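Have a look at the structure below before the remarks.
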Amino acid sequence: MNKGFWFAVIMVMPLFYDNGQAAALKMQKINDNDWPAEREAMVRTLGVYGIKDERVLSAMSKVRRHMFIPEVLRNRYDAYGDHPCPIGHGQTISQPYIVAYMTEKINAQPGEKVLEIGTGSGYQAAVLAECGAEVYSIELIPELAQHARTALANEEYKKVHVLTGDGYKGWPEHSPFDAIIVTCAPEDMPRALVDQLKEGGRMILPLGAGFQRLVILRKKGGKIIQEDDLPVRFVPMVKP
Ligand code: SAH
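Letter by letter, the sequence shown follows residues 9 to 248 in the numbering used here.
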């Protein structure tokens, strides 16, 4: 057989190989994308539970929640059911209702700066970004921070910035914030976070050891107005 033939075969082989890979990737993307019915059902349930803000409902109908759950822990029922699900390292992604409730309460407007403590999977941050906010999110566990960065980049949420570090310190370089959302429960109000809230800003956090309540705090005229809300159950905010 002549040299030219083998040369042609060798040159063309990678094309077939690549095409195979590209096709497999495409299939994977289609499968990943293939859960709109589950997402719609989840959003309908949120409506039934009393979430009214159209911006929140629309954001949650767009964010592909299953893509924020590590692949080995991912399944249809868990990703879109109204319950928390494990994301590894003993942590969970909050149940959709709590994500919707807290997002509705802090009412982030397009262009506002929001600080999140406890990035976890990155899902809550994605929902805030989908509402138009610029999100700064802090996660203590480096592996989770890295997983969230990857998931957020894959899903093209460019307005979320993830810092590996201790949320008790906040993120002074980017303060003050229009809103702060804490998704792990400190025993006492973290002072640095209150200090990093803008005048007119609002913060929502689960507060307490054992028994926890959501607390909503507003800074108005230099004063702090604090209001107790729902009883909840979040993982503790760890003091490193
Ligand atoms: N918002 C997340 C869920 C967070 S679970 C989501 O949408 O998936 C709570 C997270 O808070 C965990 O990932 C935990 O590691 C993190 N955490 C606990 N203590 C912390 C601290 N001091 N600073 C930053 N993150 C903390």
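We put the beta carbon where it would ideally sit given N, CA and C, even for glycine.
Predicted, not measured: the structure shown is a model, and the values here were computed from it.
| request: Following the continuous beta strand (DSSP E) through Met211, name the residue where it begins and the one where it ends. | output: Leu205 to Leu215
| request: Pair every Cβ in the region 210 to 219 with every Cβ in the region 188 to 197, then say whether three or more of these pairs are closer than 8 Å. | output: yes
| task | Starting from the Cα of Leu160, find the closest Cα among Pro198, Pro94 and Ser129 and give me that residue. | result | Ser129
| request: Please confirm if the region 90 to 105 is in contact with the region 180 to 187, defined as three or more CB-CB distances below 8 Å between the two stretches. | output: no
| task | May I ask you to check if the CB of Gln99 is nearer than 8 Å to at least one heavy atom of the ligand SAH? | result | yes
| DSSP bridge partner residues for Val168 (one or two, in chain order) | Val143
| query | CA-CA distance, Glu163 and Pro104? | reply | 18 Å
| message | Just checking Met245 against the ligand SAH - is the residue's beta carbon closer than 8 Å to any of the ligand's heavy atoms? | response | yes
| Can the beta-carbon of Leu238 be found closer than 9 Å to that of Arg221? | yes
| Apart from the five residues on each side of it in sequence, which residues of its chain come closer than 6 Å, Cβ to Cβ, to Ile125? | Ile146, Gly175 and Val190
| said: Rounding to the nearest angstrom, what Cα-Cα distance links Ile106 and Arg63 in this structure? | reply: 16 Å
| query | What runs of the alpha helix (DSSP H), each 4 residues or longer, lie entirely inside the region 67 to 107? | reply | 84 to 88
| query | Which ranges would you report for the beta strand (DSSP E) in the region 148 to 200 if only whole runs of at least 3 residues count? | reply | 168 to 172 and 185 to 190
| query | What number of angstroms, rounded off, separates the C-alpha of Asn83 from the C-alpha of His74? | reply | 8 Å
| task | Please check the pair Thr127 and Ala108, which I expect to be a contact at CB under 8 Å, by giving their CB distance rounded to whole angstroms. | result | Their Cβ separation, rounded to whole angstroms, is 18 Å, which puts Thr127 and Ala108 out of contact at 8 Å.
| field | Best match in Ile149, Ala67, Thr100 and Asp196 for proximity to Ala134 [C-alpha to C-alpha] | value | Ala67
| field | Supposed contact pair Phe76 and Tyr131 - C-beta distance, whole angstroms, cut 8 Å | value | 4 Å
| Contacting residues, own chain, Cβ-Cβ under 7 Å from Glu48 (five flanking each side not counted) | Ser69
| request: May I have the straight-line CA-CA distance separating Ile149 from Val240, to the nearest angstrom? | output: 23 Å
| said: Here's a check: name, in chain order, each residue in its chain whose Cβ is nearer than 7 Å to the Cβ of Ile224, leaving out the five neighbours to either side. | reply: Lys113, Arg210, Ile212, Glu235 and Asp237
| query | So is Ile59 buried or exposed if we call it buried at 16+ other beta carbons inside 10 Å? | reply | buried
| Alpha carbon of Ala45 to alpha carbon of Asp203, nearest angstrom | 43 Å
| request: Ignore the nearest five residues each way along the sequence and tell me which others in Tyr88's own chain have a CB closer than 8 Å to its CB. | output: Trp43, Glu46, Arg47, Ala49, Met50, Arg73, His74 and Pro104
| Taking buried to mean at least 16 other C-beta atoms within 10 Å of its own C-beta, is Phe242 buried or exposed? | buried
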